[in-house]
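What follows is one structure encoded as structure tokens, with my remarks underneath.
Residue numbers (the working numbering): 289 to 600.
Here you go:
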């Protein structure tokens, strides 16, 4: 395993290994399997936001920790940052995957997000202020993207997000409800590109199947979909360019309860982050959300086995 870098409150000077957002409407927690082990006397509660990729990564963490002998409980799909940051702070959950840029903006809306290194440094302080800890970010990145159908892109001659401004009156935008208020959401699109959709349809699956269906069916003309979504290629969708970097660097970062993220826990999670690339994340998403439709737990255990991170 790679050398553990447990950093109280953040990821410190992790000059980015690479350069992604979460969603809303909490659902009932999925109280998952527990596994007794000698590595820790306390249960580690691993959680996820309410979209498939977050659950996949949460399963990577949970299955690897179980294999290492920790007692693990899972509570997946608990909602957006508005739900899980307080849950981390009060100890209801202990560990969850997030994304560096959007997490920093959530914690500090005025933060500098010029590049990945700046984001990681700022996130250190922001997490520390919340009494939380961040581990080493993965190379894997998943950014929000402004997405349209190929037909719409050709009809309106769209290349960049700015091109949408000429069609504000015709646009219904589909995204999680909180996208209307977050700085990188509608406020950012207006400030950076003059994009002000005439209507907004809240869709609570974080750019998942419901969002894609709404876009493809014409219910919305523009949607917020993550760049690692297999639906982009499968549906021949078009990601509009973001030259002003409205959506900042978004490396996958494990965050959690400082007391529970011991060096032993960090060693297990850091080993996952060391091998998780953007291409690997796309492949995992494709297995779960594409035609194969495997369960996130199986996708996670298969990947961990392939990478030599189970049974070592």
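Each residue gets a CB set at the ideal place from its N, CA and C atoms; glycine is no exception.
Asked, Found
"Looking only at C-alpha atoms, which of 477, 481, 506 sits nearest to residue 251?", "Nothing about residue 251 can be reported from this structure: the residues present for the chain run from 289 to 600 only."
"Are residue 503 and residue 462 close, meaning C-beta to C-beta below 8 Å?", "yes"
"Which residue from 361, 385, 360, 358 puts its Cα closest to that of residue 369?", "385"
"Using only the alpha-carbon positions, how far apart do residue 533 and residue 417 sit?", "26 Å"
"When the Cα atoms are used, what is the spatial distance from residue 447 to residue 543?", "35 Å"
"Along the chain, where does the alpha helix (DSSP H) that runs through residue 344 open and close?", "340 to 355"
"In chain order, what residues of the same chain have a beta carbon less than 6 Å from the beta carbon of residue 589, not counting five sequence neighbours either side?", "351"
"Kindly indicate the opening and closing residues of the alpha helix (DSSP H) around residue 488.", "Taken as a continuous stretch (DSSP letters only), residue 488 belongs to no alpha helix (DSSP H), being part of the beta strand (DSSP E) at 487 to 490."
"Note down, in chain order, each residue of its chain lying with its Cβ closer than 6 Å to the Cβ of residue 594, except the 5 sequence neighbours on either side.", "none"
"Taking residue 459 as the reference, which of 509, 561, 467, 430 has the closest Cα?", "509"
"What residue range does the alpha helix (DSSP H) around residue 553 cover?", "551 to 563"
"Got a sec, what are the start and stop residues for the alpha helix (DSSP H) residue 594 sits in?", "584 to 594"
"Roughly how many angstroms lie between the CA atoms of residue 393 and residue 587, to the nearest whole one?", "30 Å"
"Between the Cα of residue 585 and the Cα atoms of 349, 331, 333, 332, which residue gives the shortest distance?", "349"
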